[in-house]
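Worksheet: one structure, shown below.
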Amino acid sequence: MASILAITWAWWPTWSRCRVRSPTYVFTGSLTLADHKRYIPLPFHVPAGTTRIHVDFHFDPWKVDGIKNTISLSLYEPDGTFRGFRHVGRSSTKAIDVGAGGAEAGFFPGALPPGDWTVELDLFMILPGAPVHYELRIWLSDEAESEAREGPCFPRPVVCQKVAWYRGDLHVHTCHSDGRLSVAEMVDVAREFGLDFIALTDHNNVTQLYHPDLDGVDDLAIIPGMEFTTYYGHALSLGTTDWFDWRVGHGGRRMEDAVAEVHQQGGTFIAAHIATTGDPICTGCKWLFGQLMPGALDALEIWNGCWDRPRCSNEVNLQIWYHWLNAGHRLPATAGSDAHGGYSYAASGGIARYGFNLIWADELSAKGLLDGLHQGHVMLSSGPRLWIEAPLPDGGTAMMGDTVPATDWMVPITVRWADTPADAVIRLVVDGDVHADWRTGLQGEQTVDVVGVRWVVAEMRDAQGCMLALTNPIYLDRELNL
158 MASILAITWA
168 WWPTWSRCRV
178 RSPTYVFTGS
188 LTLADHKRYI
198 PLPFHVPAGT
208 TRIHVDFHFD
218 PWKVDGIKNT
228 ISLSLYEPDG
238 TFRGFRHVGR
248 SSTKAIDVGA
258 GGAEAGFFPG
268 ALPPGDWTVE
278 LDLFMILPGA
288 PVHYELRIWL
298 SDEAESEARE
308 GPCFPRPVVC
318 QKVAWYRGDL
328 HVHTCHSDGR
338 LSVAEMVDVA
348 REFGLDFIAL
358 TDHNNVTQLY
368 HPDLDGVDDL
378 AIIPGMEFTT
388 YYGHALSLGT
398 TDWFDWRVGH
408 GGRRMEDAVA
418 EVHQQGGTFI
428 AAHIATTGDP
438 ICTGCKWLFG
448 QLMPGALDAL
458 EIWNGCWDRP
468 RCSNEVNLQI
478 WYHWLNAGHR
488 LPATAGSDAH
498 GGYSYAASGG
508 IARYGFNLIW
518 ADELSAKGLL
528 DGLHQGHVML
538 SSGPRLWIEA
548 PLPDGGTAMM
558 GDTVPATDWM
568 VPITVRWADT
578 PADAVIRLVV
588 DGDVHADWRT
598 GLQGEQTVDV
608 VGVRWVVAEM
618 RDAQGCMLAL
628 TNPIYLDREL
638 NL
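So the mapping is simple: the numbering used here equals the position in the sequence shown, first residue as 1, plus 157.
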């Protein structure tokens with residue numbers, strides 16, 4: 158990751174001299190199960206003229222019987238302005254380095270206003286048993302630095318002004334949270350895999366959206382975003398560049414407040430991997446917000462990572478979505494690789510098992526793609542293609558996401574597929590039940606009449622039952638008898 162090393166080494170002369178002397182502040186303490194899911198502020202004073210803050214943090218034990226204690230770090234200015242977030246890492250040691258002339262990935266560069274700053278310990282997981290002991294050391298420097306560029310790399314120009322299906326990923330991470338790739342490296346991976354767009358959704362952070370690595374990227378649509386990584390569930394904000402406070406329970410904050418703020422900014426709010434394994438294996442990953450089931454959600458990520466990855470529980474996500482559809486909630490389904498280091502997971506044939514989104518959009522831009530998503534014009538696929546259509550009374554054709562008016566009790570649904578493995582099975586699902594299925598060839602088409610139903614989707618699965626492609630619904634405008 159050359160770009161990260163270049164940033165770090167550019168500041169090393171300052172810190173090699175600074176850290177010869179004792180730190181300006183040292184915090185030590187012990188944490189027990191009683192501290193689990195707390196937010197612990199550690200305030201420190203930054204005098205006028207300070208140009209750089211460096212923080213080293215270490216805790217022990219990191220693992221107990223193979224399960225991790227999980228602590229993240231947040232940094233806030235005296236007025237509470239967010240300056241960065243160091244997400245749970247792959248060790249018990251973390252660092253923060255931020256100043257006027259630049260900052261490491263995950264933190265905003267710029268002037269350091271004098272006053273009482275805060276490093277916050279965000280305690281995602283403190284295991285029972287032996288206490289967790291920590292030490293946090295802070296160095297301050299006043300060596301002169303030239304101020305770095307500030308401001309997000311958005312809005313961005315339209316990549317392609319053409320109505321078409323565009324393929325991409327709505328959920329990826331970079332080194333600005335816990336990903337292994339820089340922004341530039343993630344963009345290169347997306348290009349290599351033939352994607353038209355990616356959404357940069359780092360955990361509780363938006364510094365990736367301000368990085369100059371995005372300058373000059375004109376062949377790939379970049380959707381700005383953030384993954385709300387709370388103690389009680391994860392969600393994606395798409396189409397927004399602002400940082401949103403993710404700390405549910407802090408000062409009475411609720412997840413509904415976060416949803417409202419995202420909507421006020423014109424963003425899209427998607428609950429992510431809601432049935433995945435939660436604490437203590439994946440801390441905070443399982444969706445526990447009962448008031449948002451679905452509440453004001455805009456969409457549901459039902460395909461996280463590779464379909465058959467056990468921890469993702471994608472089959473459960475699917476059944477939850479079907480249940481919501483039966484309850485009358487017309488909520489689009491999405492996919493997200495949740496990639497932290499490119500597309501490398503090797504189960505069930507490897508890379509092709511990641512689910513991507515094919516969005517029918519008026520143009521290849523963040524706005525065009527999100528407009529298509531809100532309309533439900535989204536196909537989820539690991540490679541094959543799958544469409545459903547129905548005739549409209551005016552002679553037009555309804556596609557996935559559309560509604561067919563109830564002029565006739567019986568409606569013909571056409572299912573089409575292409576690029577299909579020889580052993581695949583197509584299933585037409587009506588109101589949550591399988592209505593018809595076919596063994597397929599490479600491509601094909603079938604038309605089936607459905608009577609008195611409310612919604613229809615098509616699934617494509619392999620011989621082992623693993624999902625290969627999935628449509629969003631066509632809705633039949635019937636009176637619900639719940």
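Using N, Cα and C, we set each Cβ at its ideal position, and we do this for glycine too.
Sheet register partners of residue i (DSSP bridge)
i, result
"aspartate 279", "Tyr196 and Ser229"
"serine 334", "According to DSSP, which records beta bridges pairwise, serine 334 is partnered with nothing at all."
"cysteine 686", "It is not possible to answer for residue 686, since the shown part of the chain is limited to 158 through 639."
"proline 381", "Leu357"
"arginine 542", "Ala575"
"threonine 387", "Gly390"
"lysine 220", "Lys225"
"glycine 186", "Tyr291"
"methionine 567", "Val608"
"cysteine 469", "According to DSSP, which records beta bridges pairwise, cysteine 469 is partnered with nothing at all."
"tryptophan 517", "Trp322"
Terminal residues of the alpha helix (DSSP H) in which residue i lies
i, result
"methionine 412", "412-421"
"aspartate 345", "340-349"
"alanine 523", "523-531"
"tryptophan 612", "No alpha helix (DSSP H) contains tryptophan 612, which is instead part of the beta strand (DSSP E) from 612-618."
"tryptophan 444", "That residue, tryptophan 444, is in no alpha helix (DSSP H); it is neither H nor E in DSSP."
Short Cβ contact (9 Å threshold) for residue i with residue j
i, j, result
"isoleucine 224", "valine 245", "no"
"aspartate 576", "glycine 540", "yes"
"valine 316", "alanine 356", "no"
"leucine 646", "arginine 209", "Within the shown structure, residues of the chain are numbered from 158 to 639, placing residue 646 beyond reach of any answer."
"histidine 328", "alanine 492", "yes"
"leucine 278", "leucine 199", "yes"
"glutamate 292", "phenylalanine 216", "yes"
"serine 187", "alanine 262", "no"
"alanine 456", "alanine 484", "no"
"cysteine 623", "aspartate 372", "no"
"phenylalanine 660", "lysine 251", "Since the first residue of the chain shown is 158 and the last is 639, residue 660 is not available in this structure."
"threonine 387", "valine 405", "yes"
"aspartate 335", "histidine 360", "yes"
"aspartate 619", "aspartate 559", "no"
"alanine 347", "proline 271", "no"
Cα-Cα separation between residue i and residue j, rounded to whole angstroms
i, j, result
"alanine 453", "glutamine 532", "16 Å"
"alanine 563", "leucine 633", "7 Å"
"glycine 447", "histidine 333", "30 Å"
"histidine 486", "leucine 366", "32 Å"
"glutamate 546", "valine 587", "14 Å"
"tryptophan 478", "proline 630", "11 Å"
"serine 522", "glycine 529", "11 Å"
"lysine 443", "lysine 220", "21 Å"
"leucine 585", "valine 614", "6 Å"
"histidine 592", "serine 231", "51 Å"
"asparagine 226", "glycine 382", "27 Å"
"alanine 417", "proline 288", "38 Å"
"valine 568", "glycine 408", "52 Å"
"asparagine 471", "tryptophan 460", "6 Å"
"tyrosine 500", "aspartate 345", "12 Å"
"threonine 331", "threonine 433", "21 Å"
"tyrosine 502", "glycine 512", "Since pLDDT at tyrosine 502 reaches only 47, below the 50 mark, its modelled position is unreliable, and no value is offered."
"threonine 207", "proline 266", "13 Å"
"leucine 527", "asparagine 514", "11 Å"
"tryptophan 566", "glutamine 476", "26 Å"
"leucine 482", "alanine 490", "10 Å"
"phenylalanine 239", "leucine 395", "19 Å"
"isoleucine 380", "valine 419", "14 Å"
"histidine 211", "aspartate 254", "4 Å"
"serine 505", "glycine 308", "At serine 505 the pLDDT is 41, less than 50, meaning the model places this residue with poor confidence and gives no usable figure here."
Where the beta strand (DSSP E) through residue i begins and ends
i, result
"aspartate 213", "209-217"
"tryptophan 649", "Absent from the structure is residue 649, since the part of the chain shown begins at 158 and ends at 639."
"tyrosine 632", "631-633"
"tryptophan 595", "590-596"
"glutamine 603", "601-608"
"valine 582", "582-587"
"tryptophan 322", "321-329"
"leucine 625", "624-628"
"glycine 424", "Glycine 424 -> no beta strand (DSSP E), and no H or E assigned at all."
"threonine 554", "554-556"
"aspartate 254", "250-256"
Integer-rounded CB distance, given that residue j should sit under 8 Å from residue i
i, j, result
"glutamate 602", "arginine 573", "5 Å"
"leucine 352", "aspartate 326", "6 Å"
"glutamate 384", "threonine 358", "4 Å"
"tryptophan 274", "valine 203", "5 Å"
"alanine 496", "tyrosine 323", "Their Cβ separation, rounded to whole angstroms, is 18 Å, which puts alanine 496 and tyrosine 323 out of contact at 8 Å."
"aspartate 640", "proline 314", "The question about residue 640 has no answer here: the residues shown for the chain are numbered 158 through 639."
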